[in-house]
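Trainee: Position in the sequence shown counted from 1, then plus 102, gives you our numbering. Beta carbons: idealized from backbone N, C-alpha and C, even for Gly. These numbers were taken from a predicted model, which means no experiment stands behind them.
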Amino acid sequence: NADTRQEEVHVEGRCLLPFGIVGVGLAGRPFTDIGAGVRYSDLHPGGFDPRQRLRDLDAERIDVAVLYPSIGLLLAAIEDPTLAEACCRVYNDWLADYCRTDPTRLVGTAGMPMQDVNAAVREMWRAKRDLGMQGVFIRPNPVKGRALHDPYFDPFWAACAEAEMPVGIHPSGCGDLPGALQGLRLDAPIMGHPTIFFVDEMIGFSHLVCGGVLERHPTLKVVVLESGGGWLGHWFDRFDHFAHVYGWMAPDLKLKPSEYFKRQCWISFDPDETTLPAMAPIIGEDRIVWASDYPHLDATFPGVVDELDEHLEKLAPPARDKVRGGNAAALYGLRGVA
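1. Relative to the C-alpha of Phe403, which candidate in Glu415, Pro373, Val111 and Arg389 has its C-alpha closest?
2. May I ask you to list the residues that DSSP assigns as paired with Cys312?
3. Glu387: which of Glu415, Val425 and Val406 sits nearest, CA to CA?
4. So Val168 and His251 are in contact, right, with Cβ under 8 Å, and what is the actual spacing, rounded?
5. Give the DSSP bridge partners of Trp392, in chain order.
6. For the ligand FAD, is there a heavy atom less than 7 Å away from the beta-carbon of Ala418?
7. Closest to Arg410 by C-alpha separation, out of Met293, Glu303, Ala421 and Ser394, would be which residue?
8. Less than 8 Å between the beta carbons of Leu433 and Val311, yes or no?
9. Between which two residues does the alpha helix (DSSP H) holding Cys190 run?
10. What does the Cβ neighbour count give for Lys356, buried or exposed, with the cut at 16 atoms within 10 Å?
11. Within its chain, find whatever has a CB closer than 8 Å to the CB of Phe344; leave out the 5 residues flanking it on each side and keep chain order.
12. Below 8 Å between beta carbons: does that hold for Cys262 and Leu119?
13. Measure the beta-carbon distance from Leu145 to Gly127 and round it to whole angstroms, keeping in mind my assumption that it falls under 8 Å.
14. Given this structure, state the Cα-to-Cα distance separating Phe258 from Gly149, to the nearest angstrom.
15. Could you check the C-alpha separation between His413 and Asp423 for me, to the nearest Å?
16. Can you have a look at Leu322 and say buried or exposed, based on whether 16 or more other CB atoms are within 10 angstroms of its CB?
17. Just checking my contact of Leu233 with Ala249 at CB under 8 Å: how many whole Å lie between their CB atoms?
18. Is DSSP giving Phe239 helix, strand or coil here?
19. Near Lys230, what residues of its chain come up, given a Cβ to Cβ distance below 7 Å and the 5 sequence neighbours on each side ignored?
20. Can you give me the start and stop residues for the beta strand (DSSP E) that Leu410 sits inside?
21. Starting from Pro117, follow its DSSP beta bridges and name the residues at the other end.
22. Residue range of the alpha helix (DSSP H) that Val223 falls in?
23. Going by C-alpha distance, which of Ala198, Gln217 and Met216 is nearest Leu208?
24. In terms of alpha-carbon separation, which member of Gly435, Ala430, Ala179 and Thr206 lies closest to Gly281?
25. Are the beta-carbon atoms of Ile305 and Pro379 separated by less than 8 Å?
26. If you follow the alpha helix (DSSP H) that Ala260 is part of, which residue opens it and which one closes it?
Here it is, written out as structure tokens:
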């Protein structure tokens, strides 16, 4: 954009990302004027060069990285189902090629064309069988007017459960789909980003639980991402209470909401979350993973593992080991990772 000096993302004649694209790769650098004048090609090369990514992993003392998207999250906002499937295939092929540089350390998760449930099932199986992906990602928002608990998506949940492919629910700070940014006034300084991610993720996850998806698909694995984890203890209390009081509204739910989470879900904490040690006994020390958010502007780089270890000091050593990597290894079926 010549006026704002910022790169934008346009799809189907719409601007899905009007500013801030460079924020996905400015870790450790100032984000003055929302990156005006900075181009995507100027960002951390580890975001698109797998060999540089491996060097950065070595410098951070990280053995394995499970990779989730940034701009790829906009795939969910494509209106044309055929185009959405084609774009997901292109993205997934690119990521699979990126990971082939060292598949023992770079683990891909595939984008799903949720605009068409049959296409999503096809692409999930292709990602697993042909591309070697270890999971899939979706947005928490409604797609084409359908929330995640809509029975329309049941064939997809069933296929992911059968394939043992964890489903990562990953929010985006964009207003491309119905959600917090479209429906709420978030114009106070610094309010938008933390609010959008948390609100959209909590609502999408709550749809899965309260809408019976986890009841109908008891072996489905779900990972709640990019929204922090400290809120989940309150969610347990709040939703368990009202599931008891209003249980007649959801007679098909056989468990408490918190029990569905503890049976088949995980949540990602940020490395600097002070609530992690307090939450571990409540939500389960085996249900917590963490994310570096590399190479985003809000990531700690370098030094993220030191930051994580500082906040894990209050946990017993066995619990620390689970959070640092053991839980993720079990969740994604990573061999040779403790």
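Mentor: On the basis of the supplied data:
1. Here residue 403 corresponds to residue number 301 of the sequence shown, with the count starting at 1. Here the closest residue by C-alpha is Pro373.
2. What you label residue 312 is simply residue 210 of the sequence shown in a count that begins at 1. Paired residue(s): none; Cys312 is not in a bridge.
3. The sequence position of residue 387 within the sequence shown is 285, counting from 1. The residue with the shortest Cα to Cα distance from Glu387 is Val425.
4. Here residue 168 is taken as the residue at index 66 of the sequence shown, counted from 1. Here residue 251 is taken as the residue at index 149 of the sequence shown, counted from 1. Not quite, the Cβ-Cβ distance comes to about 26 Å (not below 8 Å), so this is no contact.
5. Position 290 of the sequence shown, counting from 1, holds the residue named residue 392. Paired residue(s): Phe371.
6. Questions concerning the ligand FAD fall outside what the structure shown contains, since it holds no ligand whatsoever.
7. Taking the first residue of the sequence shown as 1, we reach residue 410 at position 308. The amino acid occupying residue 410 in the given sequence is Leu; Arg does not appear at that position. Measuring from the Cα of Leu410, the nearest candidate turns out to be Ser394.
8. The residue given as residue 433 occupies position 331 in the sequence shown. The residue given as residue 311 occupies position 209 in the sequence shown. No, Cβ-Cβ distance for Leu433 and Val311 is not below 8 Å.
9. Position 88 of the sequence shown, counted from the first residue, corresponds to residue 190. Here the alpha helix (DSSP H) through Cys190 covers Pro183 to Cys201.
10. Locating residue 356 in the sequence shown gives position 254, where the first residue counts as 1. It counts as exposed.
11. Residue mapping note: residue 344 aligns to position 242 of the sequence shown, counting from 1. Contacts found: none.
12. Your numbering for residue 262 matches position 160 in the sequence shown. Your numbering for residue 119 matches position 17 in the sequence shown. No. Outside cutoff.
13. By one-based count along the sequence shown, residue 145 stands at place 43. By one-based count along the sequence shown, residue 127 stands at place 25. The pair is a contact, with the Cβ atoms about 3 Å apart (cut-off 8 Å).
14. As a first step, residue 258 must be located in the sequence shown, where it is residue number 156. As a first step, residue 149 must be located in the sequence shown, where it is residue number 47. C-alpha separation (whole angstroms): 29 Å.
15. Walking along the sequence shown from the start, residue 413 turns up at place 311. Walking along the sequence shown from the start, residue 423 turns up at place 321. Computed Cα separation, rounded: 13 Å.
16. Position 220 of the sequence shown, counted from the start, is the residue given in the question as residue 322. Leu322 should be labelled buried.
17. Reading the sequence shown from its first residue, position 131 is the one you call residue 233. Reading the sequence shown from its first residue, position 147 is the one you call residue 249. With a Cβ gap of about 28 Å, Leu233 and Ala249 do not count as contacting.
18. Position 137 of the sequence shown, counted from the start, is the residue given in the question as residue 239. Residue state, collapsed to three classes: strand.
19. The residue you call residue 230 lines up with position 128 of the sequence shown. Ala265 and Met267, listed in sequence order.
20. Position 308 of the sequence shown, counted from the first residue, corresponds to residue 410. Looking at the DSSP string, Leu410 is not in any beta strand (DSSP E); the run it does join, the alpha helix (DSSP H), is Val406 to Leu414.
21. Counted from its first residue, the sequence shown places residue 117 at position 15. The identity of residue 117 in the sequence shown is Cys, whereas the question assumes Pro. Its beta-bridge partners are His112.
22. In the sequence shown, counting from the first residue as 1, residue 223 sits at position 121. Taken as a continuous stretch (DSSP letters only), the alpha helix (DSSP H) holding Val223 covers Val219 to Arg231.
23. Numbered from 1 along the sequence shown, position 106 holds the residue referred to as residue 208. Cα-wise, what sits closest to Leu208 is Ala198.
24. For the purposes of this step, residue 281 is taken as the residue at position 179 of the sequence shown. The residue with the shortest Cα to Cα distance from Gly281 is Ala179.
25. To locate residue 305, count along the sequence shown from 1; it is residue 203. To locate residue 379, count along the sequence shown from 1; it is residue 277. Taking 8 Å as the Cβ cut-off, Ile305 and Pro379 do not qualify as a contacting pair.
26. Locating residue 260 in the sequence shown gives position 158, where the first residue counts as 1. Here the alpha helix (DSSP H) through Ala260 covers Asp256 to Ala265.
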